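This report concerns only the one structure given below.
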Amino acid sequence: MQFNLKTIVQQHMNRRKFLFINIKIRDGKEIDKDIYSDYKKKMFYEKEMAHMGVLILNREEVKKVIDMREVIEKVRGVYQLKAKGQSVIWPLVNYEFEEEHAAMDIRSGYVKGEQLHGLKMLNNFPDNTKKGLPPFNGVMMVYDSNTGIPIGIMDASYITCMRTGAAGALGVDALARKDARHLMLLGAGKQAPFQIAATLILRPQIDKVYIVDPVNYPQAQDLAAKIKAQLKEEFKVDADGVEFVAEESIEKAVADSDAVITVTRATKPMIMNEWVKPGTHFSCLGSDMEGKEEIDGKIFQGAKIYADDIAQCIRVGEMEIPLKEGTIKKEDITGEIGDLLCGNIVGRENDSEITIFDATGLYILDLVAAKVAITKAKEAKIGIEAEM
Ligand SMILES: NC(=O)c1ccc[n+]([C@@H]2O[C@H](COP(=O)([O-])OP(=O)(O)OC[C@H]3O[C@@H](n4cnc5c(N)ncnc54)[C@H](O)[C@@H]3O)[C@@H](O)[C@H]2O)c1
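All residue numbers for the sequence shown refer to my numbering, where the first residue is 178 and numbers rise by one.
See below:
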């Protein structure tokens with residue numbers, strides 16, 4: 178068959194820079210796969226790259242434009258892209274500042290499906306609170322993977338909380354019993370409200386939430402008292418029908434919960450195997466560095482175990498210590514959440530099995546959430562556009 182190829186040159190100009198995209202179109206109406214892909218890229222540039230400035234967003238601006246429901250769907254989508262080989266996670270770097278009792282990590286990655294790559298550096302300096310400073314600070318950078326040109330630089334803290342909330346909740350939604358009504362939060366710190374908001378969005382039938390913080394019970398009480406208003410104001414979640422209980426006893430709360438989310442900085446298990454009732458689901462998010470552990474390793478025995486990224490979870494996740502101690506073996510890991518969400522692997526099969534989602538946090542989640550913030554901020558003309 179003969180084809181006459183035409184070339185359309187799309188020229189984009191931003192002060193000093195020119196960008197050419199060649200699009201070949203066949204004489205007939207059909208466009209083959211490669212050409213279609215070029216066409217999609219052209220559309221991308223037309224929409225996104227009308228100029229080449231970097232959008233800079235501070236914490237309040239990110240907060241103003243980003244929406245939990247949208248982040249949940251983006252996180253679901255990127256877990257699925259990971260399962261399809263459409264993303265790359267680059268090695269995690271982390272460091273503990275011993276004298277400062279603080280930690281930092283650098284996470285990075287590439288989402289092929291969205292043509293985005295980048296990194297974030299996050300610092301957790303808990304003693305900052307005594308100095309009247311925020312403890313949790315970081316910056317993320319987002320690049321366009323067609324050109325390597327940065328498209329966004331923003332505060333990383335709020336996006337991290339949002340995508341972490343979405344991750345924990347997607348674990349609950351995918352794995353907890355369909356009739357689950359009682360949720361327990363272990364850890365009443367910064368992440369807790371985001372976990373509660375995202376879980377109530379995905380599982381609106383939850384009618385009781387235990388908030389447990391053995392290290393700081395007043396904080397659990399405070400959160401239980403204020404969370405309804407925060408849910409309404411910040412996340413547009415109506416939780417009027419939900420009972421929030423600050424519970425001092427971990428044992429009591431676990432025994433009455435269908436789903437448990439752990440978000441503490443613990444390095445010793447706080448939830449014991451003998452307290453857990455059959456059918457409980459765990460989304461474990463606190464363990465994101467070597468040596469952290471929140472639940473008894475024995476809970477893993479016989480459970481269905483899912484990871485956000487198997488290699489990273491083995492290295493720094495909740496499963497790190499049970500694997501090192503030989504409580505479980507690598508072969509006991511059922512698979513990754515992305516495969517579960519794609520329907521490639523089996524999930525919960527009955528109402529009595531224990532399920533665990535070990536979520537160590539992947540930068541690809543931040544990337545897609547950041548993209549939501551960039552798009553929304555551009556629409557609303559929020560933030561500062563700068564030339565690099
Ligand atoms: N997996 C992820 O994607 C992800 C993302 C963000 C944060 N994290 C991790 O989640 C954890 C919580 O983060 P945060 O921002 O809410 O921190 P935070 O310091 O604001 O809150 C932690 C809470 O855990 C409580 N806690 C209960 N038992 C504890 C114990 N034994 N040791 C220490 N603290 C205990 C503290 O009192 C505090 O209220 C951290 O370990 C953080 O690194 C994970």
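The beta-carbon is built from N, C-alpha and C at its ideal position, and this holds for glycine as well. For clarity, every value in this text was computed on a predicted model and none was experimentally measured.
Straight-line Cα distance separating Tyr387 from Leu360: Taking the first residue of the sequence shown as position 1, residue 360 is located at position 183. Taking the first residue of the sequence shown as position 1, residue 387 is located at position 210. C-alpha separation (whole angstroms): 6 Å.
Close-in-space but distant-in-sequence residues of the same chain around Thr601 (CB under 7 Å, 5 per side omitted): In the structure as shown, the chain starts at 178 and stops at 565, and residue 601 therefore has no counterpart that could be examined.
Contacting residues, own chain, Cβ-Cβ under 6 Å from Tyr256 (five flanking each side not counted): As a working note, residue 256 is residue 79 in the sequence shown. Residues Ile514, Gly515, Leu518 of the same chain have their beta carbon placed closer than 6 Å to that of Tyr256, with the five preceding and five following residues left out of the count.
Closer than 6 Å: Leu310 CB and nearest ligand 1 heavy atom: Walking along the sequence shown from the start, residue 310 turns up at place 133. For Leu310, the Cβ stays outside the 6 Å cut-off from all heavy atoms of ligand 1.
Opening and closing residue of the alpha helix (DSSP H) in which Leu258 lies: On the sequence shown, position 81 is the one that residue 258 refers to. 245 to 260 is the extent of the alpha helix (DSSP H) around Leu258.
Cβ-heavy atom distance, Gln489 to ligand 1, below 6 Å: Taking the sequence shown and counting its residues from 1, the one referred to as residue 489 is at position 312. Incorrect: Gln489 has no Cβ contact closer than 6 Å to ligand 1.
DSSP beta-bridge partners of Ala436: Counting from 1 along the sequence shown, the entry for residue 436 is found at position 259. As a beta-bridge residue in DSSP terms, Ala436 pairs with Leu360, His458.
Three-state secondary structure (DSSP) of Phe302: On the sequence shown, residue 302 is found 125 positions in, with the first residue counted as 1. Three-state DSSP puts Phe302 in coil, outside helix and strand.
heavy atom of ligand 1 below 6 Å from Arg253 C-beta: Numbered from 1 along the sequence shown, position 76 holds the residue referred to as residue 253. Outside the cutoff, so no.
Assigned secondary structure, Ala443 (DSSP; H/G/I helix, E/B strand, else coil): The residue given as residue 443 occupies position 266 in the sequence shown. Correct three-state label for Ala443: coil.
Leu379 to Asn323 span [Cα, whole Å]: In the sequence shown, residue 379 corresponds to position 202, counting from 1. In the sequence shown, residue 323 corresponds to position 146, counting from 1. Computed Cα separation, rounded: 34 Å.
beta-carbon Asn393 near ligand 1 non-hydrogen atom, thresh 6 Å: Within the sequence shown, residue 393 is the residue found at index 216, counting from 1. Within the cutoff, so yes.
Opening and closing residue of the alpha helix (DSSP H) in which Val545 lies: Residue 545 sits at position 368 when you count from the first residue of the sequence shown. Element bounds for Val545: 540 to 557.
Candidates Trp267, Asp473, Gln263, of which the one nearest Lys297 by Cα: For the purposes of this step, residue 297 is taken as the residue at position 120 of the sequence shown. Measuring from the Cα of Lys297, the nearest candidate turns out to be Trp267.
Alpha carbon of Gly456 to alpha carbon of Leu362, nearest angstrom: In the sequence shown, residue 456 corresponds to position 279, counting from 1. In the sequence shown, residue 362 corresponds to position 185, counting from 1. Cα-Cα distance, rounded: 17 Å.
Delimiting residues of the alpha helix (DSSP H) encompassing Asp516: Stepping through the sequence shown from its first residue, residue 516 is reached at position 339. Run containing Asp516: 514 to 519, per the alpha helix (DSSP H) assignment.
For Thr511, the three-state DSSP class (helix, strand or coil): If you number the sequence shown from 1, residue 511 lands on position 334. It is a strand residue.
Contact test: Asp304 Cβ vs ligand 1 heavy atom, cutoff 6 Å: What you label residue 304 is simply residue 127 of the sequence shown in a count that begins at 1. No; taking the cut-off as 6 Å, the Cβ of Asp304 has no heavy atom of ligand 1 nearer than that.
First through last residue of the beta strand (DSSP E) which encompasses Met565: In the sequence shown, counting from the first residue as 1, residue 565 sits at position 388. For Met565, no beta strand (DSSP E) encloses it, and the DSSP letter there is neither H nor E.
Between the CA atoms of Ala333 and Asn191 - distance to the nearest angstrom: Walking along the sequence shown from the start, residue 191 turns up at place 14. Walking along the sequence shown from the start, residue 333 turns up at place 156. Low confidence applies here, because Asn191 scores a pLDDT of 38, under 50, leaving its location unreliable; read the following figure in that light. Rounded to the nearest angstrom, the two C-alpha atoms are 28 Å apart.
Separation of Val239 from Met565, as counted between CA atoms: Against the sequence shown, residue 565 aligns to sequence position 388. Against the sequence shown, residue 239 aligns to sequence position 62. Those two C-alpha atoms are separated by around 21 Å.
Residues that Val422 bridges to, as DSSP identifies them: Mapped onto the sequence shown, residue 422 falls at position 245. Per DSSP, Tyr387.
Integer-rounded CB distance, given that Ala353 should sit under 8 Å from His458: By 1-based counting over the sequence shown, the position of residue 458 is 281. By 1-based counting over the sequence shown, the position of residue 353 is 176. Confirmed, about 4 Å.
Stretch pair the stretch 306 to 323 + the stretch 283 to 297: three plus CB contacts closer than 8 Å: As far as the Cβ criterion goes, the stretch 306 to 323 touches the stretch 283 to 297, which means the pair count is three or higher.
Buried versus exposed, by CB contacts within 10 Å (16 or more), Pro499: Numbered from 1 along the sequence shown, position 322 holds the residue referred to as residue 499. Taking all protein chains in view, the Cβ of Pro499 is crowded by 16 or more other Cβ atoms within 10 Å, so the residue is classified as buried.
Reduced DSSP secondary structure (H/G/I, E/B, other) of Gly286: Walking along the sequence shown from the start, residue 286 turns up at place 109. Gly286 carries a strand assignment under DSSP once its states are collapsed to helix, strand and coil.
Residue environment, Asp485, which counts as buried when at least 16 other CB atoms sit within 10 Å: For this step, residue 485 is matched to residue 308 along the sequence shown. Counting every other CB atom within 10 Å of its CB across the protein chains shown gives Asp485 a total of 16 or more, marking it as buried.
Reduced DSSP secondary structure (H/G/I, E/B, other) of Glu497: In the sequence shown, counting from the first residue as 1, residue 497 sits at position 320. Reduced to three states, the DSSP call for Glu497 is helix.
Length of the line joining the Cα atoms of Val566 and Met339: Shown here, the chain extends from 178 to 565; a query on residue 566 therefore has no answer.
Cβ-Cβ separation, Thr511 to Glu471 (assumed contact under 8 Å), whole Å: Taking the sequence shown and counting its residues from 1, the one referred to as residue 471 is at position 294. Taking the sequence shown and counting its residues from 1, the one referred to as residue 511 is at position 334. Wrong, their Cβ atoms sit about 20 Å apart, outside the cutoff.
Gln382 classed as buried or exposed, judged by whether at least 16 other C-beta atoms fall within 10 angstroms: Taking the first residue of the sequence shown as position 1, residue 382 is located at position 205. Gln382 is exposed by the Cβ-count criterion.
Alpha-carbon to alpha-carbon, Phe412 and Gln187: On the sequence shown, position 10 is the one that residue 187 refers to. On the sequence shown, position 235 is the one that residue 412 refers to. The predicted model places Gln187 with a pLDDT of 37, which falls under 50 and marks its position as unreliable, so this point remains unresolved.
Cβ neighbour criterion (16 or more within 10 Å) applied to Ile541: Residue mapping note: residue 541 aligns to position 364 of the sequence shown, counting from 1. The residue is buried, with at least 16 neighbouring Cβ atoms inside 10 Å.
Heavy atom of ligand 1 within 6 Å of Lys367 beta-carbon: Here residue 367 refers to the residue found at position 190 of the sequence shown. Yes, the Cβ of Lys367 comes within 6 Å of a heavy atom of ligand 1.
Residue environment, Asp204, which counts as buried when at least 16 other CB atoms sit within 10 Å: Walking along the sequence shown from the start, residue 204 turns up at place 27. Any reading at Asp204 must be qualified, since the residue scores a pLDDT of 43, below 50, and its modelled position is unreliable; no value is offered.
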